[in-house]
Each structure stands twice: as structure tokens, then as C-alpha cells.
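Numbering (the working numbering), first residue to last: 32 to 359.
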């Protein structure tokens with residue numbers, strides 16, 4: 032006997048429930064690559080994509096009241112009494128039901144996720160996280176990064192307080208998408224680009240589309256094309272051609288080094304480590320290194336460097352890993 036097809040109403044209701052679950056799952060502190068890939072596969076279905084957008088709208092509408100426990104309790108009681116009378120109610124009830132089943136996520140940390148999450152997202156050292164914004168744009172945060180989201184009717188603004196993020200911007204011709212990194216602004220409408228705050232500069236890599244870059248202390252804008260990378264100082268923009276896939280390989284959990292000075296490679300590896308790699312005596316920090324390593328895999332990088340460059344490796348009392356020249 033053939034399988035019975037779900038009715039349109041049931042299909043939407045199921046999608047709403049799944050969307051609520053995905054919203055909670057992606058809001059926790061650490062999300063695996065497998066989870067992210069599964070989410071994108073699920074969201075590829077237009078019905079699911081619409082359901083997820085509804086969840087975001089419900090949170091945006093109700094979150095302003097969520098900080099008051101009395102209002103929150105009243106809203107919950109009212110929604111339970113009303114029953115399912117449409118997509119919005121189905122989403123709300125899905126969220127309520129999910130809270131009962133997964134209290135550790137939605138009750139234990141849910142308030143923190145909402146109260147900070149709707150305005151700010153952050154990652155710890157060694158952590159990456161994908162954030163789905165209300166307009167459909169996606170932000171992948173790299174290790175030790177923090178953003179704040181400021182959306183209004185005329186502009187979508189994200190402040191990059193520290194670290195690095197890859198932005199996949201949903202097209203909206205009426206509302207430009209602006210990333211502010213310490214005064215440097217990157218403006219797009221619909222595109223994919225990477226922004227990293229350095230010690231004094233900002234690095235922008237454009238994967239696709241077009242963006243305008245405005246230094247903090249300059250009134251002019253520089254337009255970037257896909258495949259370009261810009262080093263932005265407070266008063267100037269310097270661009271060059273790069274392999275965008277390699278430059279943004281961190282988003283896939285990989286660190287790619289091609290004739291990269293050893294000191295620079297070590298600094299990049301250390302961004303993902305609590306206990307860093309340290310270069311000791313007898314090591315030429317300018318020596319070029321090549322290879323592909325998993326972000327956070329200190330042992331693999333140190334072993335390759337030791338074998339390829341003739342160095343010795345050893346773990347110190349503080350947990351750091353020392354690379355030093357071999358004694359003769």
C-alpha cells in the first residue's frame with residue numbers, strides 16, 4: 032500500500048515544530064559542523080525555510096517582553112489557552128512544548144541565549160558558531176569572536192567587537208547590510224564576505240558579490256570585487272587578489288598555510304588554543320611553512336613543524352607546547 036502524503040496543513044505544522052527545535056539547537060553555545068550541515072539541508076525545503084522565518088519573527092516579537100518573568104508567564108498561559116489557530120500559534124506552542132521537554136536548553140540557558148543572543152553572539156577560544164539572523168542572513172563566528180546586531184527599518188547593522196566572522200547576506204535592496212569593525216564599515220546588499228579585526232587594522236575578504244569599504248577616519252569608500260582581500264587601516268584601504276576559498280578555509284574548520292612565515296602560522300594556530308604553541312631558541316620565525324591542518328589540532332601542527340623543519344617539541348609545565356631548535 033502506498034505511503035499517504037501529509038496534508039498541507041499537517042506539513043506546515045510539522046515544519047513549525049521542527050523549526051522551533053532547530054532554533055533552540057542552533058542557539059546553544061557550541062554547534063558541530065554536522066549539525067550545521069543538517070540544518071542547511073533541512074532549510075533547503077521552502078516549507079521549512081518559511082517555518083524557520085516565522086520562528087525568528089515570533090522570538091523578535093515576544094523577546095522584548097521575555098525579560099519580565101510575570102509577563103512571560105502570562106504570555107505562556109494565554110498561548111496555552113488559545114490553542115492552535117494559525118502558523119504563529121503553532122510556532123509558539125512548539126516553543127512551549129520544546130521548553131518542557133528540553134528544560135536544560137530553553138529554561139537553563141534559554142534566557143541567556145535570548146537576552147544576549149538577540150543583540151549579541153560570542154564564541155569562546157576554539158569554538159565556532161553559526162548564527163541565523165532574522166532577515167535570513169547567516170553569520171559564522173570564528174574562535175574568540177563577538178558581534179552585536181542592530182537592525183531597524185532602514186539598515187541592517189552588525190558590530191564586530193572582536194575576532195572574525197563570515198557573513199552570507201540575504202538580499203534586501205531597501206536595507207543595506209553594514210558590518211562595523213571598530214569604525215571601519217563594510218557595506219553590502221546581498222553577498223558573502225569575511226571580516227577580521229586585527230590589532231590595529233581590519234581585513235576584509237570578498238567571496239562573492241560587491242561591497243564598499245569605508246576606513247574609520249576617511250570619508251571615501253573603496254569598492255571591492257569578488258576574489259579581493261583588503262587590509263584596512265583607520266585612513267586607507269589596500270587590496271590584493273587572493274584565493275577566497277583558501278582565505279576563508281577557517282569556516283570549514285581548516286587552516287591552510289602556503290609559504291606562510293612560521294611565526295604567522297603559529298599565531299593563527301594559537302587563536303584556537305588555550306595552551307599555545309611557543310617558538311623557542313634556535314627557530315627561524317621567518318621560515319615558510321605549507322600544509323592544511325584542522326583548527327585546534329595543536330599536536331598535528333607541532334609534529335609536522337618539528338618533522339619538516341628539524342625542530343624539537345615538548346610540553347612545558349604550563350601546558351604550552353615549545354618548538355625549539357635541535358641541540359647539536
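All C-beta atoms in this analysis are idealised placements derived from N, C-alpha and C, irrespective of residue type, glycine included.
| query | result |
| --- | --- |
| Close-in-space but distant-in-sequence residues of the same chain around residue 312 (CB under 7 Å, 5 per side omitted) | 355, 356 |
| Proximal residues to residue 240 (C-beta, below 7 Å), its chain only, five neighbours per side dropped | 219, 221, 222, 223, 257 |
| DSSP three-state assignment for residue 218, whether helix, strand or coil | strand |
| Beta-bridge partners of residue 291, as assigned by DSSP | 320 |
| Three-state secondary structure (DSSP) of residue 206 | coil |
| Residue from 212, 214, 165 with nearest C-alpha to residue 202 | 165 |
| Option in 314, 206, 225, 287 with minimal Cα separation from residue 343 | 314 |
| CB-CB length for residue 309 against residue 333, believed under 8 Å | Actually they are not in contact, since the Cβ atoms of residue 309 and residue 333 sit about 10 Å apart, beyond 8 Å. |
| Nearest candidate by alpha-carbon position, reference residue 275, set 233, 190, 237 | 237 |
| Beta-carbon proximity check, residue 156 vs residue 174, cutoff 8 Å | yes |
| Outcome for residue 86 when other beta-carbon atoms lying within 10 angstroms are tallied against a minimum of 16 | buried |
| C-alpha gap between residue 303 and residue 325, whole angstroms | 10 Å |
| Residue 79 versus residue 167 - alpha carbon distance | 13 Å |
| Residue 193 to residue 41 span [Cα, whole Å] | 44 Å |
| Proximal residues to residue 287 (C-beta, below 6 Å), its chain only, five neighbours per side dropped | 277, 280, 323 |
| Nonlocal neighbours in the same chain, by C-beta distance under 6 Å from residue 293, ignoring five residues either side | 316, 318, 320 |
| Exposure label - residue 272; buried when at least 16 CB within 10 Å | exposed |
| Residue interval of the alpha helix (DSSP H) (run including residue 340) | 329 to 340 |
| Sub-8 Å separation of residue 247 and residue 228 beta-carbons | no |
| Same chain, Cβ closer than 7 Å to residue 147, five either side skipped, listed in chain order | Reliability of the predicted coordinates at residue 147 is poor, the pLDDT of 34 falling under 50, and the value obtained from them is presented with this limitation in mind. Closer than 7 Å at Cβ, skipping near neighbours: no residue. |
| Close Cβ partners of residue 291 (< 6 Å) along its chain, the five nearest in sequence each way excluded | 320 |
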